[in-house]
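S.K.: Could you have a look at this structure, given as structure tokens, before my questions?
Chains as they are written, first to last, in the numbering used here: chain S, 61 to 250; chain H, 61 to 250.
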């Protein structure tokens, strides 16, 4: 049985990773999505192993020490990370797995799992990215400027990725990502 | 303007390269197809620059000597080859170009043009390839056996290609090839 492929979708904040990922989930309901581990408390309706793998701080720290995470970060006092086991088990079963993640996290994953396929989602233009960041309508000018400057830095990291997909329209971006998935399965691997 | 990409479709004789290529031409009428040069005489209705570039033996030999051919071969007393100029002009204009060719010819092209994308068309099984070769119904058992043995040797050359596409159904094979073309345009090239 052929092993599955890990596809990692990343890109600057505001580019629409989450929206594209939700659209893909609808189009490809059988695709397995990576489930993150976290130390934060479950919210109402969240299920362990579905929304997150909920861990105590001790459990999470043990996973870090035993190299059981492909990447992790601390955010507002809680840890979040990608469990290696879930990814490797899915691939060993012959299924692909899809991971949507921030740019820095993706680069951590690439270090530990270079055989993954890394896709960078690009805005059609920097003006359009500015519109999208601004469009949330909840942030001050200083915050918007800061987020734009971070986004521009992140776009500079695109060179570490295998593919760049412009998110001009969600459907077009999804089709390009599906094409990349099909093409990667046709690749001759010696 | 981004340069186009040279896509080379090859595979063992009997696998259905010509059929897949015709189906692609219908689906992608704007795609440019490589036009071969030949020393054979034009047949009724054939146009210079459309079906072939018709050349005298002296002109063809001069192209060989001046490295103006990406590949060439002699077949039943006539030369056939792929003019480099037509490929390079098309790419420089920002258009892709598609070349359907025998396995040995494709490997010659790869030597001269390694930046091309090389796609190997595979039969669903060797039994099915045997059926297809036999299906032409015009050849002796010895000829069929010989063609099968050549085909099996050619399949061994798949390792020099970038992609392998199974020709189980023409439409599926075409879709995979289109996905490869889309994905290649999304590749990050540093």
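Built from N, CA and C at the ideal position, the CB exists for glycine as well.
Would residue 81 (chain S) count as contacting chain H if we go by Cβ distances under 7 Å?
M.R.: For residue 81 (chain S), the answer is no, since every Cβ of chain H falls outside 7 Å of its Cβ.
S.K.: Relative to the C-alpha of residue 88 (chain H), which candidate in H:247, H:248, H:231, H:250 has its C-alpha closest?
M.R.: Minimum Cα distance to residue 88 (chain H) is reached at H:231.
S.K.: Using 7 Å as the threshold, is the C-beta distance between residue 227 (chain H) and residue 189 (chain H) below it?
M.R.: Contact flag unset, no.
S.K.: Quick one: what's residue 157 (chain H) bridged to in DSSP?
M.R.: Paired residue(s): H:66, H:92.
S.K.: Per DSSP, what are the beta-bridge partners of residue 44 (chain H) in this structure?
M.R.: Residue 44 (chain H) lies beyond the stretch modelled for chain H, which goes from 61 to 250, so this question has no answer here.
S.K.: Closer than 8 Å, Cβ to any Cβ of chain H: which residues of the stretch 213–237 of chain S, in chain order?
M.R.: The residues in question are 218, 219, 221, 222, 223, 224, 225, 235, 236.
S.K.: Is the beta carbon of residue 84 (chain H) less than 7 Å from the beta carbon of residue 163 (chain H)?
M.R.: Going by C-beta atoms, residue 84 (chain H) is not nearer than 7 Å to residue 163 (chain H).
S.K.: Excluding the five sequence neighbours on either side, which residues of its own chain have a C-beta within less than 6 Å of the C-beta of residue 224 (chain S), listed in chain order?
M.R.: 180, 182, 218, listed in sequence order.
S.K.: Taking the C-alpha atoms as reference points, what is the distance between residue 130 (chain H) and residue 136 (chain S)?
M.R.: Spanning the two alpha carbons is a distance of roughly 59 Å.
S.K.: Beta-carbon of residue 170 (chain S) versus every beta-carbon of chain H: anything under 7 Å?
M.R.: Closer than 7 Å: no.
S.K.: Any contact between the stretch 98–106 of chain S and the stretch 138–156 of chain S? By contact I mean 3 or more CB pairs, one from each, below 8 Å.
M.R.: Segments in contact, yes.
S.K.: Three or more C-beta pairs closer than 8 Å, one from the stretch 237–249 of chain S and one from the stretch 64–71 of chain H: is that the case here?
M.R.: In short, these stretches do not touch, since the Cβ pair count stays below three.
S.K.: Mind checking if residue 211 (chain H) is an interface residue toward chain S, Cβ cutoff 7 Å exclusive?
M.R.: For residue 211 (chain H), the answer is no, since every Cβ of chain S falls outside 7 Å of its Cβ.
S.K.: Under 7 Å between the Cβ atoms of residue 95 (chain S) and residue 113 (chain S)?
M.R.: In contact: residue 95 (chain S) and residue 113 (chain S) (Cβ atoms closer than 7 Å).
S.K.: Apart from the five residues on each side of it in sequence, which residues of its chain come closer than 7 Å, Cβ to Cβ, to residue 204 (chain S)?
M.R.: Correct list, in chain order: 193, 194.
S.K.: Run through chain S and tell me which residues come within less than 8 Å of residue 248 (chain H), C-beta to C-beta.
M.R.: Neighbours of residue 248 (chain H) on chain S, chain order: 180, 218, 219, 221, 222, 223, 224.
S.K.: Cβ of residue 152 (chain S) less than 7 Å from any chain H Cβ?
M.R.: No, because no Cβ of chain H sits closer than 7 Å to the Cβ of residue 152 (chain S).
S.K.: For a test of the three-state rule: what should DSSP assign to residue 182 (chain H), helix, strand or coil?
M.R.: Strand.
S.K.: Considering only the beta carbon of each residue, do residue 132 (chain H) and residue 178 (chain H) sit closer than 7 Å?
M.R.: Contact flag unset, no.
S.K.: Output needed for residue 175 (chain H): all residues of its chain with C-beta closer than 6 Å, excluding positions within five of it in sequence on either side, in chain order.
M.R.: If we look at residue 175 (chain H) and ignore the five residues flanking it on each side, it has no Cβ neighbours.
S.K.: Could you list which residues in chain H have their beta carbon closer than 8 Å to that of residue 166 (chain S), in chain order?
M.R.: The contacting residues do not exist; residue 166 (chain S) stays about 13 Å from chain H at best.
S.K.: Pull up the distance between the alpha-carbon of residue 191 (chain S) and that of residue 160 (chain S), whole angstroms please.
M.R.: When rounded, the distance between both Cα atoms is 22 Å.
S.K.: So residue 211 (chain H) packs on residue 70 (chain H), CB below 8 Å; how close in whole Å?
M.R.: Incorrect: roughly 12 Å between the Cβ atoms, too far for contact.
S.K.: Taking 7 Å as the threshold (beta carbon to beta carbon), is residue 243 (chain H) in contact with chain S?
M.R.: Answer yes: the Cβ-Cβ gap between residue 243 (chain H) and chain S drops below 7 Å somewhere.
S.K.: How many whole angstroms separate the CB atoms of residue 128 (chain H) and residue 117 (chain H), which I take to be in contact at a CB cut-off of 8 Å?
M.R.: Not confirmed; about 15 Å, so no contact.
S.K.: So within the stretch 197–242 of chain H, which uninterrupted alpha helix (DSSP H) runs reach at least 4 residues, ignoring any that extend past its ends?
M.R.: Counting whole runs of 4 or more residues, the stretch 197–242 of chain H contains the alpha helix (DSSP H) stretches 201–215.
S.K.: Would you decide whether residue 76 (chain H) is buried or exposed? Buried here means 16 or more other CB atoms lie within 10 Å of its CB.
M.R.: With 16 or more other Cβ atoms within 10 Å, it is buried.
S.K.: Residue 239 (chain S) CB to nearest chain H CB: under 7 Å?
M.R.: Yes - at least one Cβ of chain H is within 7 Å of the one on residue 239 (chain S).
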